[in-house]
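Following: one structure in structure tokens, then a few remarks.
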Ligand SMILES: Nc1ncnc2c1ncn2[C@@H]1O[C@H](COP(=O)(O)OP(=O)(O)OP(=O)(O)O)[C@@H](O)[C@H]1O
Ligand SMILES: [Mg+2]
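In this note's numbering, the protein residues as written are 271 to 608.
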């Protein structure tokens with residue numbers, strides 16, 4: 271890392287799922303088989319695709335990325351497969367496509383679910399016999415490429431609705447890597463925080479410290495809809511702005527909008543009492559946070575306004591992981607009696 275480049279190391283952390291993924295990546299990288307990487311936005315699909323390329327025998331060859339939804343449907347075909355001179359109005363010369371540019375390297379097709387049916391058929395041909403045809407050409411051409419696809423959609427569902435070809439799915443899904451959501455590997459959050467902290471401290475020449483254990487515990491409890499990208503951006507802002515309150519106030523504000531109790535998808539009974547307790551705690555945390563903010567983090571005033579004792583408020587603040595907050599607000603140190 272360093273020199274202002276985006277971080278490129280994959281932090282696998284300690285979770286069992288990520289350990290299995292690392293092993294899988296190391297094993298499959300060497301074989302020329304297609305790989306499908308699935309996972310929510312920000313879980314690291316592109317990073318894993320790069321890792322597969324870098325560990326493959328074609329690492330010195332090109333890694334060509336095609337962001338399918340970013341290129342309008344009509345242009346995508348010529349972008350992927352290229353065209354011959356005179357293939358259509360405006361085709362004044364021959365242009366090779368990205369498939370050809372990836373020869374003896376890796377072709378990374380991002381957001382593959384966005385590929386329209388005609389292109390799905392052409393891609394199927396490429397995967398079946400390594401052949402493709404430039405637009406306007408008389409003959410097929412042959413290439414050697416390793417195809418890696420990524421998607422944040424459930425392709426199985428797209429097949430049911432008829433928008434994705436089942437035969438193509440089986441071709442691209444020879445090996446599948448399903449990246450977990452960040453909230454499913456929350457034990458890895460401190461490791462990721464330290465990694466991004468070191469990276470952005472160096473990049474921006476800053477000296478932000480590891481956040482307090484209370485803030486780390488807030489980070490571990492947050493639900494991370496934007497996954498690792500969201501965590502990375504938050505740490506970047508923390509490094510630049512230098513205050514832990516950046517983290518806590520952002521997380522608490524977002525939690526408000528997103529409170530989403532964990533409901534098991536299996537037949538396991540839903541423990542209503544537990545879920546309700548969780549919701550009440552969450553609501554209490556939000557109220558306390560807002561009242562503290564409104565009182566400029568003066569906890570005596572906040573306790574009065576909440577009609578609870580000062581001691582009870584201190585206890586609740588600790589429980590809610592709000593203890594490190596308000597340090598920079600006014601001159602009320604939360605450690606003092608205000
Ligand atoms: N395991 C990881 N270790 C370190 N950094 C990571 C990890 N996973 C993701 N990141 C970082 O998070 C950011 C998002 O990752 P990436 O672009 O690979 O996600 P993605 O799954 O492709 O997201 P999208 O679906 O939105 O395109 C990147 O800056 C990446 O470096
Ligand atoms: Mg991506």
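Virtual Cβ for every residue (Gly too), placed ideally from N, Cα, C.
In this structure the segment 361 to 378 lies against the segment 315 to 331, because at least three pairs of beta carbons, one per stretch, are closer than 8 Å.
Note: residue 419 is bridge-paired with 306, 379 in the DSSP secondary-structure output. Inclusion of residue 354 and residue 391 in the CB contact set at 7 Å is not warranted, their separation being larger than that value. With three or more CB-CB distances shorter than 8 Å, the segment 377 to 397 counts as touching the segment 414 to 434. Rounded to the nearest whole angstrom, the CA to CA distance from residue 351 to residue 287 is 36 Å.
Here the alpha carbon of residue 579 sits roughly 6 Å from the alpha carbon of residue 573. By the beta-carbon neighbour count (other beta carbons within 10 angstroms, threshold 16), residue 290 is exposed. The distance from the Cβ of residue 509 to that of residue 486 is about 15 Å, inconsistent with a contact at the 8 Å cut-off.
Burial check for residue 440: the Cβ neighbour count within 10 Å stays below 16, so the residue is exposed. Closest in alpha carbon position to residue 410, among 369, 433, 429, 442, is 369. For residue 516 and residue 451, the gap between their C-alpha atoms comes out near 23 Å. Residue environment analysis places residue 555 among the buried positions, since at least 16 neighbouring C-beta atoms fall within 10 angstroms of its C-beta. Distance from the CA atom of residue 503 to the CA atom of residue 311, rounded to whole angstroms, is 14 Å. Excluding sequence positions up to five before and after residue 467, its CB lies within less than 7 Å of the CB of 478, 480, 505, 509, all in the same chain and listed in chain order. In this structure, residue 442 and residue 417 form a Cβ contact; the two beta carbons are roughly 7 Å apart against a cut-off of 8 Å. The beta-carbon distance between residue 399 and residue 285, rounded to whole angstroms, is 39 Å. This is too long to meet the 8 Å contact definition. Nearest to residue 521 by alpha-carbon distance, out of 337, 365, 490, is 490. Residue side-chain check: residue 315 places its Cβ nearer than 6 Å to a non-hydrogen atom of ligand 2. Remark: the C-beta of residue 496 is outside contact range of ligand 1, defined as less than 6 Å to any heavy atom. Between residue 396 and residue 313, the CB-CB gap reaches or exceeds 7 Å. Scanning its chain for C-beta atoms nearer than 7 Å, with the 5 sequence neighbours on each side dropped, one finds around residue 300 the residues 326, 327, in chain order. Nearest in C-alpha terms to residue 324, of all of 279, 500, 588, 338, is 279. For residue 499, the CB falls within less than 6 Å of some heavy atom of ligand 1. Cβ atoms of residue 349 and residue 367 come within 8 Å of each other, at about 6 Å. A straight-line Cα-Cα distance of about 14 Å links residue 393 and residue 306.
For the pair residue 359 and residue 346, the Cα-to-Cα distance works out to about 16 Å. Taking the Cβ of residue 502 as the reference point, at least one heavy atom of ligand 1 falls within a distance shorter than 6 Å.
Note on residue 470: 16 or more other CB atoms within 10 angstroms of its CB, so buried under the neighbour-count rule.
Taking non-hydrogen atoms of ligand 1 into account, the C-beta of residue 311 is found less than 6 Å away from one of them. The alpha-carbon separation between residue 498 and residue 492 amounts to approximately 12 Å.
Counting the other CB atoms within 10 Å of its CB gives residue 309 a total of 16 or more, which places it among the buried residues. Within 6 Å of the C-beta of residue 281 there is at least one heavy atom belonging to ligand 1.
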